[in-house]
Amino acid sequence: DAMVIQNPRYQVTQFGKPVTLSCSQTLNHNVMYWYQQKSSQAPKLLFHYYDKDFNNEADTPDNFQSRRPNTSFCFLDIRSPGLGDAAMYLCATSSLLASKTQYFGPGTRLLVL
Amino acid sequence: AQSVSQHNHHVILSEAASLELGCNYSYGGTVNLFWYVQYPGQHLQLLLKYFSGDPLVKGIKGFEAEFIKSKFSFNLRKPSVQWSDTAEYFCAVNAGRAGGGADGLTFGKGTHLIIQP
């Protein structure tokens, strides 16, 4: 089945140690999004790629970066994780040529020690 | 900027009861509206969406929602809930720009629904 895949499902890192989360999709969608969801809070958009064009939300900290080497893959890099960055990170995709509905992956839960 | 408000954070119902979850949004322009569901241990799944046309939309698993523009509301309903409907429900909105727009979603805080057998 076509889907959005996130690896790993759980990630433990140390305070200040760079970490990368990955997302891949078999839907061939042209837009990929990263959301951060902290406990008992709504998912919050960090940034998105429209094809190769990167769009950062105004309040996304500089500590968060993203890469999209091709249509299928998108990475979230956290350069120096702090305790406050512990959260679930959700990847989503959509096709502006079709329904514009966003399809979500299962998420990666990040723990910062 | 958009915002979404879900009035009930926790709802407990018995099986066969009727359900209505409230959602109000704040945005001055045209919007796309969504309800997503997250079953325990699973990813967010789309229940239903509204882009334009008939304000009463039907989704999967017997859910429906009504867009009332004058009230900035998009309430979710189901006439008879089942134990398997136990989940977290999120209302979401993005700008309904004609011809495209890759805007991300603005989510409400979610409603945790528990259905008792």
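Here the protein sequences come in this chain order: A and B.
Under my numbering, the first residue of the first sequence carries the number 1, and numbering increases by one thereafter.
Under my numbering, the first residue of the second sequence carries the number 1001, and numbering increases by one thereafter.
C-beta: ideal position from N, C-alpha, C; glycine also.
- When secondary structure is reduced to three states using DSSP, A/D85 falls in the helix class.
- Of all C-beta pairs linking the region 74-84 of chain A to the region 1017-1028 of chain B, fewer than three are shorter than 8 angstroms, placing the two stretches out of contact.
- Cβ contact annotation for A/F15 (same chain, cutoff 7 angstroms, sequence separation greater than five): P81, G82, L83, V112, L113, in chain order.
- Taking A/Q41 as reference, the option from B/S1070, B/Q1116, B/Q1006 with the minimal CA-CA separation is B/Q1006.
- Nearest C-alpha to B/Y1089 among B/Q1002, B/E1020, B/F1072: B/E1020.
- Note on A/P43: 16 or more other CB atoms within 10 angstroms of its CB, so buried under the neighbour-count rule.
- Pairing B/F1067 with B/N1032, the inter-Cα distance amounts to about 10 angstroms.
- Identification of chain A residues near B/H1043 by a Cβ-Cβ cut-off of 7 angstroms yields F104, G105, P106, G107, ordered along the chain.
- A contact is defined here as three or more CB-CB pairs under 8 angstroms, and the region 91-111 of chain A meets this definition with respect to the region 22-42 of chain A.
- Under a criterion of Cβ atoms nearer than 8 angstroms, the residues of chain B adjacent to A/T101 are, in order, F1034, L1046, K1049.
- Residues of chain B whose Cβ lies closer than 7 angstroms to the Cβ of A/A86 do not exist; the shortest such Cβ separation is about 18 angstroms.
- Across the structure, A/A58 and B/S1014 are spaced so that their CA atoms are roughly 43 angstroms apart.
- Shortest Cα-Cα distance from B/P1117 to any of B/G1104, B/W1083, B/A1092 involves B/W1083.
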